[in-house]
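Undergrad: Each protein sequence line maps, in turn, to chains A and B. If you read the first sequence in my numbering, its first letter stands for residue 4, the second for the next number, and so on. If you read the second sequence in my numbering, its first letter stands for residue 363, the second for the next number, and so on.
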Amino acid sequence: GDSVTQMEGPVTLSEEAFLTINCTYTATGYPSLFWYVQYPGEGLQLLLKATKADDKGSNKGFEATYRKETTSFHLEKGSVQVSDSAVYFCALSHYNQGGKLIFGQGTELSVKP
Amino acid sequence: DAGITQSPRYKITETGRQVTLMCHQTWSHSYMFWYRQDLGHGLRLIYYSAAADITDKGEVPDGYVVSRSKTENFPLTLESATRSQTSVYFCASSETDRGLNTEAFFGQGTRLTVV
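1) Could you check how far apart the C-beta atoms of B:S455 and B:H391 are, in whole angstroms? I think they sit under 8 angstroms.
2) Express the C-alpha separation of A:A67 and A:Y39 in angstroms, rounding to a whole number.
3) DSSP puts A:R70 in a beta bridge; with which residues?
4) Check whether chain B comes within 8 angstroms of A:G46, counting only Cβ atoms and requiring the distance to be less than that.
5) Taking B:Y393 as the query, report the chain A residues whose CB atoms sit under 7 angstroms from its CB, ordered along the chain.
6) Does DSSP put A:S17 in a helix, a strand or coil?
7) Along the chain, where does the beta strand (DSSP E) containing B:G404 start, and where does it finish?
8) Quick one: which residues of the region 400-423 of chain B get their C-beta closer than 8 angstroms to a C-beta of chain A? List them in chain order.
9) From B:T367, B:E441, B:H403 and B:I374, pick the residue whose C-alpha is nearest to that of B:T388; which is it?
10) Which stretch, first to last residue, makes up the beta strand (DSSP E) that contains B:H496?
11) Straight-line CA distance for B:T458 to A:G101?
12) Would B:E465 pass as an interface residue toward chain A - the criterion being a Cβ-Cβ separation below 8 angstroms?
13) Consult DSSP for A:S82 and reduce its assignment to one of helix, strand or coil.
14) For a contact meaning CB atoms closer than 8 angstroms, what does A:G107 contact in chain E?
15) Distance check for A:V7 and A:A152, CA to CA, integer angstroms please.
16) Could you tell me whether any Cβ in chain A is nearer than 8 angstroms to the Cβ of B:T458?
17) Under 8 angstroms, with one C-beta from each stretch per pair, do the region 51-60 of chain A and the region 469-476 of chain B reach the 3-pair mark?
Dropping the structure here:
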């Protein structure tokens, strides 16, 4: 079945450092790919998404490119802030499945001043 | 208030008791979902619903029951709670646009402890 694998955390960075969180997936067909973020004590929020190969999703300085050839959707940010500290989830869903999401295990990011 | 709300936010119950977690959304989204979040597993789908009176099992449905008599409500019931059901439960809703998935909106979660 379909699955999503993320790099293990926690990831600890200093403010203004470069961030990469790796995400790879296994799926049939052409799923849509998502990054969700969960701030402490809150539910998940959509950070960015891409619906087809070579699409780049971006939001709040974060970017991820849908790479069909490597089945990857790595999250990057050029300069992280303390306020980016959260848990990040990579997820996929398929066309016409009503938004059912398959999640990776999550990567906790801690940014120190 | 507009949005998706879950209640209660925190619940402690005893093994063997029945407990119901509530979820209410104000957008009239067709789709609603229940996920559980456990360390090392991310979020796993328990049940989902495509419309009122239409529900289907997800990845981990055993021990849970859902209903959806109204579009806006999607309660999750643990018929006889077990310690393995200690988790954080998230409800979500979404709509599709010509089959493509739009954003899923999540509630703030219910932290359930079974003792």
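Idealized CB from N, CA, C, for every residue including glycine.
TA: With the given structure in hand:
1) Correct: roughly 4 angstroms between the Cβ atoms.
2) So the two alpha carbons sit approximately 12 angstroms from each other.
3) Answer is A:S75, bridged to A:R70.
4) Closer than 8 angstroms: yes.
5) Annotation: Cβ neighbours of B:Y393 in chain A (cutoff 7 angstroms, chain order): G101 and G102.
6) In this structure, A:S17 counts as strand in the three-state DSSP scheme.
7) Here the beta strand (DSSP E) through B:G404 covers G404 to A413.
8) If the cut-off is 8 angstroms between Cβ atoms, the region 400-423 of chain B has G402, H403, G404, L405, R406, L407, Y410, A412 and G420 near chain A.
9) Considering only alpha carbons, the answer is B:T367.
10) Outside the displayed range of chain B (363 to 477) lies residue 496 of chain B, so it cannot be described from this structure.
11) Note on geometry: alpha-carbon atoms of B:T458 and A:G101 lie some 6 angstroms from one another.
12) Under the Cβ distance rule, B:E465 counts among the residues neighbouring chain A, one pair being separated by less than 8 angstroms.
13) Assignment of A:S82 by DSSP, reduced to helix, strand and coil, places it in the coil class.
14) Of the protein chains in the structure, A and B, none is chain E.
15) With chain A running from 4 to 116 in the structure shown, residue 152 of chain A is simply not present.
16) The beta carbon of B:T458 falls within 8 angstroms of a beta carbon belonging to chain A, placing the residue at that interface.
17) Judged by Cβ distances under 8 angstroms, the region 51-60 of chain A makes no contact with the region 469-476 of chain B, as fewer than three pairs qualify.
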